[in-house]
Amino acid sequence: MTRESRKLPRPAERVSVLSALRNAKMARSAHAYVRGNTLKFYEWLASLKRSQLPQGPSIWICGDCHIGNLGPIANAAGEVEIQIRDLDQTVVGNPAHDLIRLGLSLAAGARGSDLSGVTTAKMLEHLIASYARALDGRPTSRSSKKKGPEAIRDLLQLAESRSWKQLAKERIRDTKPTIPLGKRFWPISRQERREIANMFEGEEMRRLAALLRSRDDDASIELLDAAYWMKGCSSLGRLRFAILLGIEDKPGKTTDYCLMDVKEAVKATAPCGRKAKMPRDNGQRVIEGARQLSPYIGERMRAARFLNRSVFIRELRPQDMKPDIERLSPEEAVKLAAYLAAVVGSAHGRQMDAATREAWRKECGRNRSKTLDAPSWLWCSVVDLLIKHEGSYLEHCRKHALDEPSWEHPKITK
Numbered sequence: 001m002t003r004e005s006r007k008l009p010r011p012a013e014r015v016s017v018l019s020a021l022r023n024a025k026m027a028r029s030a031h032a033y034v035r036g037n038t039l040k041f042y043e044w045l046a047s048l049k050r051s052q053l054p055q056g057p058s059i060w061i062c063g064d065c066h067i068g069n070l071g072p073i074a075n076a077a078g079e080v081e082i083q084i085r086d087l088d089q090t091v092v093g094n095p096a097h098d099l100i101r102l103g104l105s106l107a108a109g110a111r112g113s114d115l116s117g118v119t120t121a122k123m124l125e126h127l128i129a130s131y132a133r134a135l136d137g138r139p140t141s142r143s144s145k146k147k148g149p150e151a152i153r154d155l156l157q158l159a160e161s162r163s164w165k166q167l168a169k170e171r172i173r174d175t176k177p178t179i180p181l182g183k184r185f186w187p188i189s190r191q192e193r194r195e196i197a198n199m200f201e202g203e204e205m206r207r208l209a210a211l212l213r214s215r216d217d218d219a220s221i222e223l224l225d226a227a228y229w230m231k232g233c234s235s236l237g238r239l240r241f242a243i244l245l246g247i248e249d250k251p252g253k254t255t256d257y258c259l260m261d262v263k264e265a266v267k268a269t270a271p272c273g274r275k276a277k278m279p280r281d282n283g284q285r286v287i288e289g290a291r292q293l294s295p296y297i298g299e300r301m302r303a304a305r306f307l308n309r310s311v312f313i314r315e316l317r318p319q320d321m322k323p324d325i326e327r328l329s330p331e332e333a334v335k336l337a338a339y340l341a342a343v344v345g346s347a348h349g350r351q352m353d354a355a356t357r358e359a360w361r362k363e364c365g366r367n368r369s370k371t372l373d374a375p376s377w378l379w380c381s382v383v384d385l386l387i388k389h390e391g392s393y394l395e396h397c398r399k400h401a402l403d404e405p406s407w408e409h410p411k412i413t414k
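In the numbering used here, the protein residues as written are 1 to 414.
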């Protein structure tokens with residue numbers, strides 16, 4: 001361990017440091033608080049009577065369907081689509097929960113862009129209409145992408161043009177076969193390193209690393225480096241590691257690299273439906289939800305055990321990007337709501353037969369008012385949640401925003 005790495009949090013110090021960082025992240029804006037507080041969302045849902053929300057068919061849902069969890073995803077062949085990109089909370093549950101969560105995220109984003117309440121109302125109208133149309137499960141066409149919001153078009157264009165070097169520069173800030181310790185990456189314990197080495201010696205991990213079309217099926221892998229990864233917000237505090245592998249098509253000759261993301265899978269906060277059948281292992285639950293909702297990423301994931309905890313593993317592709325959508329105009333905000341709702345509608349709808357889709361469309365559209373084309377259950381839910389989250393956010397800031405974290409990121413010199 002170098003002198004510089006000793007300044008970084010040791011494994012035993014992670015919990016307190018990550019807790020402070022998570023609180024600071026959530027205090028940055030009301031929208032950040034909404035995105036990072038899934039627990040508050042489901043506490044509110046638990047307070048409702050069952051009859052207040054439409055009861056959809058029991059299907060796999062995202063469980064945490066906010067703006068930041070939908071973005072470009074590449075499949076093994078390199079094709080790119082906008083799909084649900086984070087499935088930590090996925091369960092077999094009520095699809096209405098995804099709609100309300102997405103509507104809340106969009107409404108919070110609209111407030112952050114100083115958009116009027118009229119724009120928020122239009123966003124929810126277009127959200128439910130676009131979702132209902134997309135329930136037939138057909139993927140977004142290339143022409144639909146071209147007509148989508150500018151932020152989505154730009155994101156797709158950027159994702160499709162990205163390379164491994166760009167991924168390395170963004171994720172590890174270096175194209176050399178090491179992970180530089182610093183703000184994002186921290187030292188791991190000897191026990192963790194041994195466990196990682198054992199995990200990636202297996203045939204399952206070799207096949208996962210060789211999945212891409214440019215790699216030989218019989219290629220071997222070499223563990224080059226590993227580090228704890230300080231990433232995310234609501235998941236801060238769980239085990240998460242960045243694993244750098246070398247791909248050897250010929251013995252002793254590294255021809256490619258891949259960056260693996262190993263993330264702890266814990267019990268979902270999202271409630272599952274009655275009599276829902278899901279894998280008992282949380283890593284397997286995440287994998288199955290991903291395969292149903294986001295096949296591009298689902299085919300690239302595996303579940304495993306790490307120090308007696310459930311984890312899931314995926315290779316990070318250059319095209320896998322988290323959306324960073326800045327301030328929106330009213331027109332772009334409405335287009336974004338419609339586009340993302342269509343992505344969710346397609347993911348939900350392909351799990352249903354024709355009769356179930358039609359029944360769910362009718363259930364979604366009940367209780368419409370004469371002055372708003374969005375159903376009252378969606379509008380009232382989003383408004384109620386915005387009010388509750390605003391108060392909770394201010395209270396969170398009072399407790400945490402003025403507190404300086406006990407650890408500051410050191411400057412690492414090479």
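No residue lacks a Cβ here, since even glycine has one placed at the ideal position from N, Cα and C.
Counting only unbroken stretches of 3 or more residues, the beta strand (DSSP E) elements lying wholly within the stretch 292-364 are 301-306 and 309-316, in sequence order.
Put simply, the backbone Cα of R238 is about 24 angstroms away from that of L102. For V118, the closest of R194, P330 and A338 by C-alpha to C-alpha distance is P330.
The secondary-structure analysis by DSSP pairs R366 with nothing; it has no beta-bridge partner. Under the DSSP definition of a beta bridge, C258 partners with L245. In the DSSP annotation of this structure, the continuous segment of the beta strand (DSSP E) that includes E81 starts and ends at V80 to I84. Taking all protein chains shown into account, D154 has fewer than 16 neighbouring C-beta atoms within 10 Å of its C-beta and is therefore exposed. Where L70 is concerned, the enclosing beta strand (DSSP E) starts and stops at L70 to A74. Of the residues assessed, L307 falls on the exposed side of the cut-off, its CB having fewer than 16 other CB atoms within 10 angstroms. Rounded to whole angstroms, the Cβ separation of K267 and N282 is 6 angstroms, and the two are in contact under 8 angstroms. With respect to the 7 angstroms criterion, L244 and D225 are classified as neighbours on the basis of their beta carbons. About 30 angstroms separates the Cβ atoms of Q319 and A24, ruling out a contact at the 8 angstroms cut-off. By the neighbour-count criterion, in which a residue is buried when 16 or more other Cβ atoms sit within 10 angstroms of its Cβ, E315 is buried. Separation of the CB atoms of Y257 and A30 is rounded to 40 angstroms, and the pair is thereby denied contact status at 8 angstroms. Each residue's CA atom was taken as its position, placing I297 and R291 some 7 angstroms apart. Burial is judged here by how many other beta carbons sit within 10 angstroms of a residue's own beta carbon; S294 has at least 16 and is buried. Comparing alpha-carbon positions, the option among A151, R193 and E201 lying closest to E332 turns out to be A151.
Under the DSSP definition of a beta bridge, P54 lacks any partner. Three or more beta-carbon pairs separated by less than 8 angstroms are not found between the stretch 68-82 and the stretch 350-368, which leaves the two stretches without contact.
Your pair V92 and A276 checks out as a contact, with CB atoms roughly 4 angstroms apart and the cut at 8 angstroms. Closest option to L208, judged by alpha-carbon separation, among S189, A76, P95 and L181: A76. K399 sits exposed, since fewer than 16 C-beta atoms from the chains shown fall within 10 Å of its C-beta. Under DSSP, P375 forms a beta bridge with R368.
Beta-carbon to beta-carbon, R300 and L211 are separated by about 6 angstroms, close enough to satisfy the 8 angstroms threshold.
DSSP places S220 within a strand segment (E or B) once states are collapsed to three. Under the three-state reduction of DSSP, I61 is assigned to strand. Counting the other Cβ atoms within 10 Å of the Cβ of S381 gives 16 or more, which makes it buried. Shown here, R240 sits in a strand according to DSSP, grouped into three states. Bounds of the beta strand (DSSP E) holding V91 are V91 to G93. When DSSP states are grouped into helix, strand and coil, D114 belongs to the coil group. Judged by beta-carbon spacing, T38 lies within the 7 angstroms limit of S234, meaning their Cβ atoms are closer than that value. As DSSP reads the structure, Y33 sits in no beta bridge. W186 places its beta carbon less than 7 angstroms from that of L8. In the assembly as shown, S47 is an exposed residue. Its beta-carbon has fewer than 16 other beta-carbons within 10 Å.
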